[in-house]
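K.L.:
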Amino acid sequence: MLVSAAAFGVVNLILDTDMSIDVDDVGALCVLHALADKGEVNILAIVHNTASPRGVGAISVLNRYYGRDHIPIGAYFGHVGTADGSSQSPWGFQRMPPLPPWQI
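Residues 397 to 500 (our numbering) make up the sequence shown, in order.
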């Protein structure tokens with residue numbers, strides 16, 4: 397049995413993204429905008445959850461392209477890395493080559 401998305405009404409949605417060096421989040425945000433264009437979702441906000449300094453800008457550019465500059469974008473501003481300055485991440489992987497912790 398096929399059920400139309402319209403049967404459930406418009407979904408209010410907040411996207412949590414790690415927009416960074418790969419393209420999966422670009423695709424996810426574009427699909428989200430397409431769903432909003434169809435009236436299936438209402439984008440309440442977009443959260444950028446990494447310290448990548450360009451992620452918020454990329455989100456903003458895509459929002460502008462789709463005519464939705466009004467959508468709030470949340471971002472983390474603060475230190476990312478370990479207290480001792482090592483390149484070991486808190487999730488157990490090693491950055492190669494070792495890079496200094498990001499400071500935004």
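In this text, a Cβ means the ideal position worked out from N, Cα and C, and glycines have one as well.
If you're wondering where the values come from, they're calculated on a predicted model, not measured in any experiment.
1) Looking only at its chain, what residues have a beta carbon closer than 6 Å to the beta carbon of Pro468, apart from the 5 residues adjacent to it on each side?
2) Counting only runs of 3+ residues fully inside the region 418-473, write out the beta strand (DSSP E) ranges in chain order.
3) To the nearest angstrom, report how far apart Arg464 and Val407 are at their CA atoms.
4) Can you name, in chain order, every residue of its own chain whose Cβ lies under 6 Å from the Cβ of Cys426, other than the five neighbours on each side?
5) Val407 bridges to which residues according to DSSP?
P.N.:
According to the data block:
1) Your numbering for residue 468 matches position 72 in the sequence shown. Same-chain partners within the cutoff: Ala441.
2) Fully enclosed beta strand (DSSP E) runs of 3 or longer: 437-444 and 469-471.
3) Taking the sequence shown and counting its residues from 1, the one referred to as residue 464 is at position 68. Taking the sequence shown and counting its residues from 1, the one referred to as residue 407 is at position 11. Rounded to the nearest whole angstrom, the CA to CA distance from Arg464 to Val407 is 17 Å.
4) On the sequence shown, residue 426 is found 30 positions in, with the first residue counted as 1. The answer is none, since no qualifying residue turns up.
5) For this step, residue 407 is matched to residue 11 along the sequence shown. Bridge partners of Val407 according to DSSP: Val437.
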